[in-house]
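Under our numbering, the letters of the sequence shown match residues 937 to 1020, in that order.
Don't be surprised by glycine CBs; every beta carbon is placed ideally from N, CA and C.
Structure record follows, encoded as structure tokens.
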Amino acid sequence: MVIAWPQPDVRFWLLVGLVSHAVMRLWSAVDFIPKALAFERADPTEIDETAARRWSRRSLLRLPLDLLTSFAMLTAFAAAIAVA
């Protein structure tokens, strides 16, 4: 893909994929992972069920970012092939 970087269509989709992946990773590092570790360390009798459900629902929101990243990478690949 480095060779295809000068092509605007390919570059656009590569950047979309990079940004969506970076957002998902940053979100994981700041929100998802620390809360998961806290739940693992907590005593089962002390876990707030409502907070656990909110965390589970929020973790489902990561799926669209993963799908966007995959779509952008596949689209960049298709655009690179179309130009070649």
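key: Sequence-distant residues of the same chain with beta carbon closer than 7 angstroms to residue 893, five excluded per side   = This structure cannot settle anything about residue 893, because the visible part of the chain is limited to 937 through 1020.
ask   = Touch check for the segment 937 to 944 and the segment 980 to 998: three-plus C-beta pairs under 8 angstroms?
value = When C-beta atoms of the segment 937 to 944 are compared with those of the segment 980 to 998, fewer than three pairs fall below 8 angstroms, so the two segments do not count as touching.
key: DSSP state of residue 939 mapped onto helix, strand, coil   = For this step, residue 939 is matched to residue 3 along the sequence shown. Reduced to three states, the DSSP call for residue 939 is coil.
query = What's the call for residue 950, buried or exposed, on a 16-neighbour Cβ count within 10 Å?
reply = Stepping through the sequence shown from its first residue, residue 950 is reached at position 14. Buried: at least 16 other Cβ atoms inside 10 Å.
inquiry  = According to DSSP, simplified to helix, strand and coil, what is residue 1008?
reply    = For the purposes of this step, residue 1008 is identified with residue 72 of the sequence shown, where counting begins at 1. Here residue 1008 sits in helix by DSSP.
key: residue 946 classed as buried or exposed, judged by whether at least 16 other C-beta atoms fall within 10 angstroms   = If you number the sequence shown from 1, residue 946 lands on position 10. Residue 946 should be labelled buried.
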